[in-house]
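Protein chains in written order, with my numbering: chain A, 1 to 230; chain B, 231 to 350.
Structure, rendered in structure tokens:
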């Protein structure tokens with residue numbers, strides 16, 4: 001079996017898609033942030049690889065076809081970003097200002113916490129891009145010298161944390177405006193937070209998904225300059 | 231044919247993104263350049279929304295599943311992570327609350343101020 005799997009052209013992609021489809025169904029049924037489909041299906045894939053004794057390198061090279069789509073798929077985010085840009089024009093100034101403040105806070109606090117807790121440079125660089133969406137954070141991490149796998153996991157956990165504590169934080173910080181709520185969710189916990197913001201109101205959801213892209217681009221620009229100083 | 235044309239446009243912007251990454255000496259991923267360029271092209275009406283809308287909806291919808299394989303790489307760096315799990319989680323938790331609070335409060339303050347001006 002191991003021999004067949006190692007030589008198969010379709011095993012890796014099929015395994016990935018099936019695992020993701022099953023994990024998405026689980027989340028669809030229970031609607032819990034903790035049942036994140038990326039995290040669940042990655043754990044399932046790891047389990048199957050261990051079970052069949054297939055090395056990760058074999059699996060990764062089988063997934064090249066999926067990796068090829070990463071850049072084009074990320075670029076496509078520009079389209080929904082453009083549509084929201086037209087809809088959210090009246091809130092633009094406060095939205096962008098809030099997102100920028102949050103992004104700077106994020107980078108500053110992560111760096112400081114890593115210093116205080118004595119985490120090494122590789123881990124620090126892997127954590128710095130963790131507030132933005134995976135499509136931006138993972139390749140950014142690889143560019144600045146972090147470990148993309150750790151960044152991806154940190155991004156997902158951050159998303160789960162944000163969407164779980166978000167509603168309580170809205171009360172704690174007295175965020176009554178849907179625009180402020182959306183900015184908070186999008187800047188702190190990207191797509192996963194956005195799916196929680198959508199449940200609060202449609203405006204909060206739209207603002208959140210716009211804010212996460214602004215935060216992503218800002219983080220790229222800031223870290224491309226600051227990463228060397230870490 | 232419609233999808234092929236749309237995919238072609240997305241591919242051209244992917245290539246432009248790669249070119250920017252090649253020419254500009256900053257560690258910014260090619261996809262970010264491509265995204266900014268496509269947004270610019272849409273805003274300047276060089277590309278019309280309906281020329282990319284269907285294909286981009288499909289591709290962007292595929293994004294989550296594309297991150298499964300990168301996450302599987304965790305099995306290779308698990309040893310490195312094991313010792314620092316508690317501090318790692320602490321960093322994630324504290325920074326997420328801080329970002330949530332600061333970004334939300336700044337926005338709320340600006341929204342309230344704008345409303346106040348409207349009443350004058």
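Yeah, the Cβ is synthetic: ideal placement off N, Cα and C, and Gly gets one too.
Compare the beta carbon distance of residue i and residue j with 7 Å and say whether it is the shorter of the two.
i, j, result
"residue 290(B)", "residue 63(A)", "no"
"residue 133(A)", "residue 297(B)", "no"
"residue 162(A)", "residue 333(B)", "no"
"residue 149(A)", "residue 304(B)", "yes"
"residue 269(B)", "residue 82(A)", "yes"
"residue 108(A)", "residue 126(A)", "no"
"residue 173(A)", "residue 335(B)", "yes"
"residue 159(A)", "residue 193(A)", "yes"
"residue 138(A)", "residue 124(A)", "no"
"residue 190(A)", "residue 175(A)", "no"
"residue 197(A)", "residue 216(A)", "no"
"residue 38(A)", "residue 301(B)", "yes"
"residue 96(A)", "residue 286(B)", "no"
"residue 98(A)", "residue 326(B)", "no"
"residue 267(B)", "residue 249(B)", "no"
"residue 282(B)", "residue 236(B)", "yes"
Answer yes or no: does any C-beta atom of chain B fall closer than 7 Å to that of residue i?
i, result
"residue 41(A)", "yes"
"residue 179(A)", "yes"
"residue 173(A)", "yes"
"residue 72(A)", "yes"
"residue 102(A)", "yes"
"residue 75(A)", "yes"
"residue 187(A)", "yes"
"residue 197(A)", "no"
"residue 6(A)", "no"
"residue 192(A)", "no"
"residue 84(A)", "no"
"residue 152(A)", "yes"
"residue 131(A)", "yes"
"residue 109(A)", "yes"
"residue 56(A)", "yes"
I need the straight-line Cα distance from residue i to residue j, nearest angstrom please.
i, j, result
"residue 307(B)", "residue 20(A)", "22 Å"
"residue 328(B)", "residue 292(B)", "31 Å"
"residue 74(A)", "residue 112(A)", "30 Å"
"residue 224(A)", "residue 140(A)", "8 Å"
"residue 314(B)", "residue 12(A)", "30 Å"
"residue 36(A)", "residue 347(B)", "43 Å"
"residue 274(B)", "residue 6(A)", "49 Å"
"residue 199(A)", "residue 110(A)", "28 Å"
"residue 120(A)", "residue 230(A)", "10 Å"
"residue 167(A)", "residue 184(A)", "10 Å"
"residue 40(A)", "residue 23(A)", "6 Å"
"residue 204(A)", "residue 179(A)", "6 Å"
"residue 26(A)", "residue 43(A)", "14 Å"
"residue 227(A)", "residue 28(A)", "38 Å"
"residue 118(A)", "residue 90(A)", "44 Å"
"residue 350(B)", "residue 324(B)", "Note that residue 350(B) scores 49 on pLDDT, short of 50, meaning its location in the model is unreliable; the coordinates nonetheless yield the value given after this. The alpha-carbon atoms of residue 350(B) and residue 324(B) are separated by roughly 39 Å."
"residue 294(B)", "residue 71(A)", "13 Å"
"residue 252(B)", "residue 58(A)", "29 Å"
"residue 299(B)", "residue 345(B)", "47 Å"
"residue 68(A)", "residue 171(A)", "43 Å"
"residue 318(B)", "residue 16(A)", "27 Å"
Should residue i be labelled buried (16 or more other beta-carbon atoms within 10 Å of its own) or exposed?
i, result
"residue 2(A)", "exposed"
"residue 142(A)", "buried"
"residue 94(A)", "buried"
"residue 238(B)", "exposed"
"residue 130(A)", "buried"
"residue 265(B)", "buried"
"residue 258(B)", "buried"
"residue 9(A)", "exposed"
"residue 316(B)", "exposed"
"residue 322(B)", "buried"
"residue 116(A)", "exposed"
"residue 46(A)", "buried"
"residue 261(B)", "buried"
"residue 214(A)", "buried"
"residue 254(B)", "exposed"
"residue 61(A)", "exposed"
"residue 32(A)", "exposed"
"residue 128(A)", "buried"
Beta-carbon of residue i versus every beta-carbon of chain A: anything under 7 Å?
i, result
"residue 350(B)", "Any answer about residue 350(B) is weak, because its pLDDT of 49 lies below 50 and its placement is not dependable; what the coordinates show is given next. With 7 Å as the cut-off, residue 350(B) does not count as an interface residue toward chain A."
"residue 233(B)", "no"
"residue 312(B)", "no"
"residue 306(B)", "yes"
"residue 262(B)", "yes"
"residue 245(B)", "no"
"residue 289(B)", "yes"
Less than 8 Å between the CB atoms is what I'm expecting for residue i and residue j, so what's the real figure, rounded?
i, j, result
"residue 188(A)", "residue 330(B)", "4 Å"
"residue 177(A)", "residue 84(A)", "17 Å between Cβ atoms; not a contact."
"residue 207(A)", "residue 186(A)", "7 Å"
"residue 56(A)", "residue 66(A)", "Residue 56(A) to residue 66(A), Cβ: 15 Å. No contact."
"residue 220(A)", "residue 165(A)", "Their Cβ separation, rounded to whole angstroms, is 26 Å, which puts residue 220(A) and residue 165(A) out of contact at 8 Å."
Counting only C-beta atoms, is residue i closer than 7 Å to chain D at any point?
i, result
"residue 276(B)", "In the structure shown, chain D cannot be found, because the protein chains are A and B."
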